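Notes for the one structure printed next.
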Amino acid sequence: MLSERRLKVLRAIVQDYVGTEEPVGSKALTERHHLGVSPATVRNDMAALEDEGFIAQPHTSAGRIPTDKGYRLFVDKLAGVKPMTAPERRAIQNFLEGAVDLDDVVARTVRLLAQLTRQVAVVQYPSLTRSTVRHVELLSLAPARLMLVLITDTGRVEQRLVDCPAPFGEASLADLRARLNSRVAGRRFADVPGLVEDLPEAFEAEDRGTVSTVLSTLLETLVEENEERLMIGGTANLTRFGHDFPLTIRPVLEALEEQVVLLKLLGEAKDPGVTVRIGHENAHEGLNSTSVVSVGYGSGGEAVAKLGVVGPTRMDYPGTMGAVRAVARYVGQILAES
1165 MLSERRLKVL RAIVQDYVGT EEPVGSKALT ERHHLGVSPA TVRNDMAALE
1215 DEGFIAQPHT SAGRIPTDKG YRLFVDKLAG VKPMTAPERR AIQNFLEGAV
1265 DLDDVVARTV RLLAQLTRQV AVVQYPSLTR STVRHVELLS LAPARLMLVL
1315 ITDTGRVEQR LVDCPAPFGE ASLADLRARL NSRVAGRRFA DVPGLVEDLP
1365 EAFEAEDRGT VSTVLSTLLE TLVEENEERL MIGGTANLTR FGHDFPLTIR
1415 PVLEALEEQV VLLKLLGEAK DPGVTVRIGH ENAHEGLNST SVVSVGYGSG
1465 GEAVAKLGVV GPTRMDYPGT MGAVRAVARY VGQILAES
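For the sequence shown, this note's numbering gives the first residue as 1165, with consecutive numbering after it.
Structure follows, in structure tokens:
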């Protein structure tokens, strides 16, 4: 375990390097920070930190920079989450509250995160598998054609056309709509099949084929695999950090184009807390020079998806963690109220 004094030295090195982009020397540390010890002691502490792999010396510099291991210790032990100011919180709330639908919420969230953190923002759409049914609407388009509209608790709307095996009257349609919602509204998607399996038996024989067709369409909608959508923005922000990527920015950009990679980076939505993956903790080789800060968002205290940012390891971790967490909280509130 590092002593408290060496932890303070490491914190000072991370803060200075993130702020100045320059390797940090012992003289600068003692001048900028009240460490309470001599420059010689600071030099000894830096040597010890280097021996243990928390900082390293770039080949041309007398100063030191944090390693992935050093950033990890900084995040785990030293970095509090920087709270947003009252004006920042109001700006977030006002910007997100103007959204007209789920697509707009996600698009605004991506823009906001990219602007607040000056990193690449990634927002996953709420997953159907972790959602509950808010309402099922059935509309008659023709005597034997219906539209099924599924509305989720996260504001997601799915529409499907249903071709019925026989004409279906308005009275039967109203009955099916009422019975269906009484069983599934407010229930998890995973529970719906068991709740509706005997529903056709409640109808006259000539209507049962149509009821079964509507239920099949509903169940297909609940389990579709194309739900894992996400939106990305602020990629141009990476160009500001060209010198933070050892060789070229290209592997990072290529990795960001792969949706499967990004979904893995964000992690499981059921883990709602702020997660920070640093450098080589990211399994994808193209992202070994980046850090990913992500958090779950959702309504009712349960995460239904993730959002986060990708940037260089030389990142303002407290500020980024604070921004990501604040935006997720407001997105969750908007989904709950929508």
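Glycine included, each C-beta is placed from N, C-alpha and C at the ideal position.
Every value quoted in this text rests on a predicted model; they were computed, and no experiment measured them.
Since residue i and residue j are thought to touch, with beta carbons under 8 Å apart, how far apart are those beta carbons, to the nearest angstrom?
i	j	result
Val1458	Gly1496	Looking at the sequence provided, one finds Ser at residue 1458 rather than Val. At roughly 14 Å, the Cβ-Cβ gap does not stay under 8 Å, so Ser1458 and Gly1496 are not in contact.
Arg1288	Leu1427	A quick correction: the sequence has Gln, not Arg, at residue 1288. That pair is a contact at about 7 Å.
Ala1271	Met1395	6 Å
Ala1285	Gly1397	5 Å
Glu1392	Ser1291	7 Å
Thr1305	Leu1340	Note that residue 1305 is Leu in the sequence shown, not Thr. 15 Å between Cβ atoms; not a contact.
What residue range does the beta strand (DSSP E) around residue i cover?
i	result
Arg1513	The structure shown does not extend to residue 1513, since the chain is modelled only from 1165 to 1502, so the question has no answer here.
Ala1487	That residue, Ala1487, is in no beta strand (DSSP E); its alpha helix (DSSP H) goes Tyr1481 to Glu1501.
Val1264	Unbroken run through Val1264: none, as it is neither H nor E.
Give me, in chain order, the residues of the same chain whose beta-carbon lies closer than 6 Å to that of residue i; leave out the 5 immediate sequence neighbours on both sides.
i	result
Tyr1494	Ile1256, Gln1257 and Leu1260
Leu1171	none
Leu1379	Val1360
Pro1415	Gly1450
Phe1405	Pro1476
Asp1565	Nothing can be reported for residue 1565: it is not among the residues displayed for the chain, which extend from 1165 to 1502.
Glu1195	none
Asp1209	Arg1170 and Val1173
Ala1500	Ser1463
With DSSP as the reference, please indicate the residues paired to residue i in a beta bridge.
i	result
Asp1327	Arg1309
Ile1442	Ser1455
Leu1394	Gln1288
Lys1470	Gly1460
Glu1322	Leu1314
Arg1351	Answer by DSSP bridge pairing: none, since Arg1351 is not bridged.
Ile1229	Ala1220
Gly1200	Per DSSP, none; premise fails for Gly1200.
Pro1364	Pro1364 is not bridged to any residue.
Val1269	In DSSP, Val1269 forms no bridge with anything.
Pro1476	Thr1454
Val1206	Val1206 pairs with nothing; no bridge assigned.
Val1239	Answer by DSSP bridge pairing: none, since Val1239 is not bridged.
Val1188	Arg1228
Among the residues of its own chain, which have a CB less than 7 Å from the CB of residue i, if the five just before and after it don't count?
i	result
Asn1446	Leu1429, Asn1452, Thr1454 and Val1456
His1299	Ile1315, Asn1345 and Ala1349
Gly1200	none
Glu1334	Ser1304
Arg1275	Gly1397
Val1375	Leu1340, Leu1363, Pro1364 and Phe1367
Gly1373	Pro1329 and Ala1330
Leu1237	Leu1174 and Phe1218
Ala1212	Arg1170
Pro1504	With the chain represented from 1165 up to 1502, any question about residue 1504 goes unanswered, as that position is not in the structure.
Cutting at 8 Å between CB atoms, please list the residues of its own chain near residue i, excluding the five before and the five after it.
i	result
Val1438	Val1245, Val1457, Ser1458, Val1459, Met1485, Val1488 and Arg1489
Asn1390	At Asn1390 the pLDDT is 49, less than 50, meaning the model places this residue with poor confidence and gives no usable figure here.
Thr1296	Thr1316, Asp1317, Gly1350, Arg1351, Arg1352 and Phe1353
Along the chain, where does the alpha helix (DSSP H) that runs through residue i open and close?
i	result
Lys1428	Gln1423 to Leu1430
Lys1172	Glu1168 to Thr1184
Gly1373	Ala1369 to Val1387
Arg1414	Arg1414 to Leu1420
Gly1358	Val1356 to Val1360
When you compare the CB of residue i with every CB in chain B, is at least one pair closer than 8 Å?
i	result
Ala1366	No chain B appears in this structure, which consists of one protein chain only.
Stretch pair the segment 1197-1206 + the segment 1236-1248: three plus CB contacts closer than 8 Å: no
At least three beta-carbon pairs within less than 8 Å, the segment 1216-1228 to the segment 1177-1187: yes
The segment 1445-1453 contacting the segment 1252-1270, beta-carbon criterion three pairs below 8 Å: no
Validate contact between the segment 1320-1339 and the segment 1296-1311 using beta carbons, cut 8 Å, 3 pairs: yes
Meets three-Cβ-pair contact criterion under 8 Å: the segment 1467-1481 and the segment 1278-1292: yes
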